[in-house]
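**Student:** For reference, the structure I am asking about is given below.
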Amino acid sequence: MLLALLMGILALGNIYPGYEEYAEIRKGLYVWSHHTANRLNGVPSWIVLTQNNHGEMQRLVDFCKMQGVDKVLLFAGSVEWEYDDYYSRGVFPYHEDLLFNVRFLQTQGLDVDLMVYLNDEPNNLTAYERMEEVAQIVKKLNKEGTNIGSLHIDQEPSKQNQYKKLLEMLSLSRQQCPIGVSLKPQWVRERLTDITAFFTIDDVRHLPEFKDFQPTKETTFSDLVLMVAPNSTMMAYSNEPDTILSLGRQALDSASRVGLTRLDIAMETGFVNNLPEEETTHYWIQANKPLWFKRFRCLGGKLERYAQELGLKTKMIVHDYAQYHTTLYCQSPALEKMAIEVPYLSCEGDPDTLISRIACNRKREVLDK
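Under my numbering, the residues of the sequence shown are numbered 220 to 588, in order.
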C-alpha cells in the first residue's frame, strides 16, 4: 500500500508542481470537525463527524493520504458541555463511535491524539480539576490497548492570573496519561521576570514538576507549560514566513531548555470566525496553491534543521481539517461528495483561477479574430 501511495505521489508530482516534495513531508492535522459551520442540519458538526454515518472518516483518511498526513488530533468534546453526561461517567461523548473512529484511523496508518478543551472562554479555568477525569478515561482506554498518543488540552488563557490554574490542571492530568497543549505565541515570548505582578514560580511550587525548579532570566512561561505537557504543539499563527520561523524557533528553544526531545509546529490555514488575515496562511494558499506547497516545504525544512541543531525532532501540523480542505477543494468535507484524486482544485474566486480565466478569454478573442 505504501509503494502504491508513493507511486501515486510521483505521478501527481509531474502535474502539480511542488506537490511531490510537499506530500513526502509527514505532517499532522487538527480535526475539530468536518465542516466550517458549527452545525450541519441542526446537529453540531463535530458530532456528525464522530457518528460517521456517511463515510466521514473514510474521507478524512483519503484527505490525509493525499496531503501526506500521518497524525491527527481528533476532537472529543469539552468539559463545559460534556462533563455531566459523559466524562463524569467515565466515557467520551459518543464513546463507541469515537473508539471505532480511533481504531479505524489507526488501521489506516494514522497516529491519533484526542483533543478536548475545558471551557469556551479561554481565560475561564473554572472546574479545571475535572480535566483529570478526562485523562483517566484515556488512561483506561490505553490500558485496554487503544493506543491513544496523548490527550491534547486546548485551553489557551492570555491572562497571567490564570496561569496557576492552567499549570495545576495540566499537572493533575499528566498523572493519568501523556498530555500536550497548543502553545500560545504569547507564552513563548513571555519571560517569567516580566510577569511577576501576576504570576511567579512560587505560585506552583506545590506541583511536583516545579518543586526544585530554578528559573533563569531566560525562562519563559512556555518552559513551564512544556514541563507539565511535553507532547505539545506550537501554534505559529502568522502569514509572515519570518514570524512563523521566529515563533517556531522560540518554541524549540523553550523545549530544549527543559530537556524535551521533540516539539511540533503548527501553521494556521483557517479563515472562519473573523480570523485576522495576518494570523493565517489561508490567503497564501488561495492565491497560489503550487507556491503554497513549496513554501510549506521550505518552512518545514528550515524548522527541522533548526530542531536538529538543538538535538530535537519536529513535525509540521496543519490547523485545521475543515478549513484546509475547503481552501484546497472549494468545499468543506461535509459537503463535498467527489472522491479525492488530486492535491487541490482551482476554486471560483481563487486569484490563480481568475488569471487562468482571463488568459483563456484572451486566447479565445485572438482565435475569434
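All residues carry an ideal CB built from backbone N, CA and C; glycine is no exception.
In this text, all values refer to a predicted model and were calculated from it rather than measured experimentally.
Starting from the C-beta of K403, find all residues in its chain whose C-beta is less than 6 Å away, skip the five residues before and the five after it, and write them out in chain order.
**Tutor:** Here residue 403 corresponds to residue number 184 of the sequence shown, with the count starting at 1. Result list for K403: E375, in chain order.
**Student:** Which residue's Cα is closest to the Cα of V291: Y336, E315 and I367?
**Tutor:** Here residue 291 is taken as the residue at index 72 of the sequence shown, counted from 1. It is I367.
**Student:** What are the boundary residues of the alpha helix (DSSP H) that P467 is part of?
**Tutor:** In the sequence shown, counting from the first residue as 1, residue 467 sits at position 248. In the sequence as presented, Pro is not what sits at residue 467; that position holds Gly. That run of the alpha helix (DSSP H) goes P460 to R476.
**Student:** Taking the alpha-carbon positions, what's the Y525 to R410 distance?
**Tutor:** Position 306 of the sequence shown, counted from the start, is the residue given in the question as residue 525. Position 191 of the sequence shown, counted from the start, is the residue given in the question as residue 410. Y525 and R410: Cα-Cα distance of roughly 22 Å.
**Student:** Does the region 506-518 come into contact with the region 549-560, if we say contact requires no fewer than three beta-carbon pairs (one atom in each stretch) closer than 8 Å?
**Tutor:** no
**Student:** Following the continuous alpha helix (DSSP H) through V298, name the residue where it begins and the one where it ends.
**Tutor:** Position 79 of the sequence shown, counted from the first residue, corresponds to residue 298. Run containing V298: V298 to E301, per the alpha helix (DSSP H) assignment.
**Student:** For S264, report the span of its alpha helix (DSSP H) as first-last.
**Tutor:** Working through the sequence shown from its first residue, we reach residue 264 at position 45. Where S264 is concerned, the enclosing alpha helix (DSSP H) stretches over S264 to Q270.
**Student:** Where does V423 land, buried or exposed, given buried means 16+ other C-beta within 10 angstroms?
**Tutor:** The residue labelled residue 423 in the question sits at position 204 within the sequence shown. Under this definition V423 is a buried residue.
**Student:** Ignore the nearest five residues each way along the sequence and tell me which others in S441's own chain have a CB closer than 6 Å to its CB.
**Tutor:** Locating residue 441 in the sequence shown gives position 222, where the first residue counts as 1. L402, W406, V407 and S473.
**Student:** Could you give the DSSP three-state label for K358: helix, strand or coil?
**Tutor:** Within the sequence shown, numbered from 1, the residue matching residue 358 stands at position 139. Shown here, K358 sits in a helix according to DSSP, grouped into three states.
**Student:** Is S401 helix, strand or coil by DSSP?
**Tutor:** Counting from 1 along the sequence shown, the entry for residue 401 is found at position 182. S401 falls in the strand class under three-state DSSP.
**Student:** Excluding five sequence neighbours on each side, which residues of the same chain lie with their C-beta closer than 7 Å to the C-beta of P236?
**Tutor:** Walking along the sequence shown from the start, residue 236 turns up at place 17. P509.
**Student:** Thinking just about the alpha-carbon of each residue, which of E428, W300, V491 and K521 is nearest to the one in D461?
**Tutor:** In the sequence shown, counting from the first residue as 1, residue 461 sits at position 242. Among E428, W300, V491 and K521, the Cα nearest to that of D461 is on K521.
**Student:** Given P570, which residues of its chain have a CB within under 6 Å of its CB, disregarding the five upstream and five downstream residues?
**Tutor:** For the purposes of this step, residue 570 is identified with residue 351 of the sequence shown, where counting begins at 1. Closer than 6 Å at the Cβ level, and outside the excluded window around P570, lie A506.
**Student:** Going by C-alpha to C-alpha distance, which of C396, K430 and N380 sits closest to I414?
**Tutor:** Counting from one through the sequence shown, the residue named residue 414 turns up at place 195. For I414, the nearest C-alpha among the options comes from N380.
**Student:** Could you tell me the distance, in whole angstroms, from the CA atom of K378 to the CA atom of T439?
**Tutor:** Taking the sequence shown and counting its residues from 1, one reaches residue 378 at position 159. Taking the sequence shown and counting its residues from 1, one reaches residue 439 at position 220. Going from the Cα of K378 to the Cα of T439 covers about 15 Å.
**Student:** In terms of DSSP beta bridges, what is K246 paired with?
**Tutor:** Here the question's residue 246 lines up with position 27 in the sequence shown. K246 is bridged to V288 and M535.
**Student:** Could you check the C-alpha separation between T500 and M486 for me, to the nearest Å?
**Tutor:** Here residue 500 refers to the residue found at position 281 of the sequence shown. Here residue 486 refers to the residue found at position 267 of the sequence shown. Distance between the alpha carbons of T500 and M486: 7 Å.
**Student:** Nearest-angstrom Cα distance between K430 and F418?
**Tutor:** Translated into positions along the sequence shown, residue 430 becomes position 211. Translated into positions along the sequence shown, residue 418 becomes position 199. If I take the Cα positions, the gap works out to 16 Å.
**Student:** If you draw a straight line from the C-alpha of I234 to the C-alpha of C283, how long is it?
**Tutor:** To locate residue 234, count along the sequence shown from 1; it is residue 15. To locate residue 283, count along the sequence shown from 1; it is residue 64. When rounded, the distance between both Cα atoms is 19 Å.
**Student:** Let me know if M557 comes out buried or exposed under the rule of 16 or more other beta-carbons within 10 Å of its beta-carbon.
**Tutor:** By 1-based counting over the sequence shown, the position of residue 557 is 338. Exposed, because fewer than 16 other Cβ atoms sit within 10 Å of the Cβ of M557.
**Student:** Suppose you measure from the CA of K534 to the CA of K246; what does that come to, to the nearest Å?
**Tutor:** Counting from 1 along the sequence shown, the entry for residue 534 is found at position 315. Counting from 1 along the sequence shown, the entry for residue 246 is found at position 27. The straight-line gap from Cα to Cα measures roughly 6 Å.
**Student:** How many whole angstroms separate the CB atoms of L389 and E351, which I take to be in contact at a CB cut-off of 8 Å?
**Tutor:** Within the sequence shown, numbered from 1, the residue matching residue 389 stands at position 170. Within the sequence shown, numbered from 1, the residue matching residue 351 stands at position 132. 10 Å between Cβ atoms; not a contact.
**Student:** Are D281 and I559 touching if we call contact CB-CB under 8 Å?
**Tutor:** Taking the first residue of the sequence shown as 1, we reach residue 281 at position 62. Taking the first residue of the sequence shown as 1, we reach residue 559 at position 340. Yes. Within cutoff.
**Student:** Any idea if D303 is buried or exposed, counting beta-carbon neighbours within 10 angstroms, 16 or more meaning buried?
**Tutor:** Sequence index remark: in the sequence shown, residue 303 carries index 84 (1-based). The residue is exposed, with fewer than 16 neighbouring Cβ atoms inside 10 Å.
**Student:** Please report the residue range of the beta strand (DSSP E) in which D332 lies.
**Tutor:** As a first step, residue 332 is located in the sequence shown; it is residue number 113 there, counting from the start. Per DSSP, D332 belongs to the beta strand (DSSP E) from D330 to Y336.
**Student:** Please report the straight-line C-alpha distance between Y563 and Q355, rounded to a whole angstrom.
**Tutor:** In the sequence shown, counting from the first residue as 1, residue 563 sits at position 344. In the sequence shown, counting from the first residue as 1, residue 355 sits at position 136. Y563 and Q355 have their C-alpha atoms spaced approximately 40 Å apart.
**Student:** If you count every other CB in all the chains shown that lies within 10 Å of the CB of Q286, and 16 or more means buried, which is it?
**Tutor:** Looking up residue 286 in the sequence shown gives position 67. So Q286 counts as buried.
**Student:** Helix, strand or coil for M388? Go by DSSP, reduced to three states.
**Tutor:** Here residue 388 refers to the residue found at position 169 of the sequence shown. Reduced to three states, the DSSP call for M388 is helix.
**Student:** DSSP on E363, reduced to helix/strand/coil?
**Tutor:** As a working mapping, residue 363 is identified with position 144 in the sequence shown. Correct three-state label for E363: coil.
**Student:** With DSSP collapsed to three states, give me the class of F429.
**Tutor:** In the sequence shown, the residue the question calls residue 429 occupies position 210. F429 falls in the helix class under three-state DSSP.
**Student:** Measuring straight from C-alpha to C-alpha, what distance separates E428 and E301?
**Tutor:** Here residue 428 corresponds to residue number 209 of the sequence shown, with the count starting at 1. Here residue 301 corresponds to residue number 82 of the sequence shown, with the count starting at 1. Using only the alpha carbons, I get a separation of about 29 Å.
**Student:** Does DSSP classify H371 as helix, strand or coil?
**Tutor:** For the purposes of this step, residue 371 is taken as the residue at position 152 of the sequence shown. Residue state, collapsed to three classes: strand.
**Student:** Quick one: residues in its chain with C-beta nearer than 6 Å to the C-beta of D330, no 5 flanking neighbours on either side, listed in chain order?
**Tutor:** Your numbering for residue 330 matches position 111 in the sequence shown. Result list for D330: K290 and G368, in chain order.
**Student:** Since L337 and T269 should fall inside the 8 Å C-beta cutoff, what is the C-beta to C-beta distance between them, to a whole number of angstroms?
**Tutor:** As a working mapping, residue 337 is identified with position 118 in the sequence shown. As a working mapping, residue 269 is identified with position 50 in the sequence shown. Actually they do not touch by this definition, with Cβ atoms about 19 Å apart.
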